[in-house]
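**Q** This is the structure I want to talk about, given as structure tokens.
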Amino acid sequence: MNVKKNLLLASVASASIALAGTASAQDMYKSGVGGLYAGLNYTFMDLDYDGVSSADVGTLSGKVGVMANEFLGIEARAGFGVDDDRVFGQKVKLDNFFGGYATINMANQSPVTPYAVVGFTRIEAEFGPASDDESDFSYGAGVNFKFAPNLSGNLEYMRYYDDSDLTVDGIGLGVQMNF
Numbered sequence: 001m002n003v004k005k006n007l008l009l010a011s012v013a014s015a016s017i018a019l020a021g022t023a024s025a026q027d028m029y030k031s032g033v034g035g036l037y038a039g040l041n042y043t044f045m046d047l048d049y050d051g052v053s054s055a056d057v058g059t060l061s062g063k064v065g066v067m068a069n070e071f072l073g074i075e076a077r078a079g080f081g082v083d084d085d086r087v088f089g090q091k092v093k094l095d096n097f098f099g100g101y102a103t104i105n106m107a108n109q110s111p112v113t114p115y116a117v118v119g120f121t122r123i124e125a126e127f128g129p130a131s132d133d134e135s136d137f138s139y140g141a142g143v144n145f146k147f148a149p150n151l152s153g154n155l156e157y158m159r160y161y162d163d164s165d166l167t168v169d170g171i172g173l174g175v176q177m178n179f
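Residues 1 to 179 (our numbering) are what the sequence shown spells out, left to right.
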């Protein structure tokens with residue numbers, strides 16, 4: 001009888017450990033810790049040339065990233081212009097941009113997660129015959145809105161680029177899938 005009792009206790013203990021591990025993994029998955037994510041954004045960009053002229057253009061971008069822990073994410077983004085503008089009869093456009101960023105998330109129990117983002121962006125912009133193809137430090141802030149366990153939307157402000165000739169700011173709306 002003792003052998004059967006020990007076997008039963010060992011089985012219950014093993015099952016409990018296995019279920020606890022599964023529950024822990026599910027909690028980690030839900031919080032995004034160690035989870036991969038990908039998203040799409042449409043960004044309303046403002047290109048300010050020397051404070052003399054300003055153009056409003058639109059970009060479409062994609063991002064992929066990983067949550068290193070519940071507070072820190074690492075991601076790469078790339079995008080291209082989809083809506084150009086005209087200033088003083090000259091065509092203004094943002095050809096493309098790409099960069100690497102870190103997100104600092106204010107993890108909480110609500111479906112709304114504010115975050116800050118810092119990194120570097122390389123842009124290629126054109127104003128008539130002139131073009132600017134440079135990299136710069138980027139920063140911004142945003143909010144993720146959780147719609148479903150693996151689906152969220154976001155609203156974000158970014159300063160992508162700033163030098164003596166050109167400043168590029170953007171307000172983006174997007175969707176993100178967590179895997």
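Built from N, CA and C at the ideal position, the CB exists for glycine as well.
Ignoring anything shorter than 4 residues or poking outside the region 120-173, list the alpha helix (DSSP H) runs there in chain order.
**A** Counting only runs of 4 or more, we get nothing.
**Q** Going by beta carbon distance, what residues of the same chain come within less than 8 Å of Leu7, once the five residues before and after it are set aside?
**A** With a pLDDT of 47 at Leu7, under the threshold of 50, the predicted position of this residue should be treated as unreliable, though the coordinate-derived value follows. Excluding positions up to five away in sequence, the list is empty.
**Q** Let's see if you can read the secondary structure: which residues bound the beta strand (DSSP E) around Gly39?
**A** 36-49 is the span of the beta strand (DSSP E), which, as asked, contains Gly39.
**Q** Are the CB atoms of Tyr101 and Asn144 nearer to each other than 9 Å?
**A** No, they are not a contact pair.
**Q** Quick one: using the 10 Å Cβ neighbour count with 16 as the cut-off for buried, is Glu190 buried or exposed?
**A** What the structure shows of the chain is the stretch from 1 to 179, and residue 190 is not part of that stretch, so it cannot be assessed.
**Q** Since Gln176 sits in a beta bridge, which residues does DSSP pair it with?
**A** According to DSSP, Gln176 bridges with Gly39, Ser152.
**Q** Would Gln176 be called buried (16 or more neighbouring beta carbons within 10 Å of its own) or exposed?
**A** When all chains shown are included, Gln176 counts as buried.
**Q** How big is the Cα-Cα spacing for Asp27 and Val57?
**A** Note that Asp27 scores 44 on pLDDT, short of 50, meaning its location in the model is unreliable; the coordinates nonetheless yield the value given after this. Going from the Cα of Asp27 to the Cα of Val57 covers about 41 Å.
**Q** With the cut-off set at 9 Å, would you say Phe147 and Gly35 are in Cβ contact?
**A** No, the pair does not count as a contact, with Cβ atoms beyond the cut-off.
**Q** Indicate the three-state DSSP secondary structure (helix, strand or coil) for Asn108 in the structure shown.
**A** If DSSP states are grouped into helix, strand and coil, Asn108 belongs with coil.
**Q** In terms of DSSP beta bridges, what is Asp95 paired with?
**A** Beta-bridge pairing links Asp95 to no other residue.
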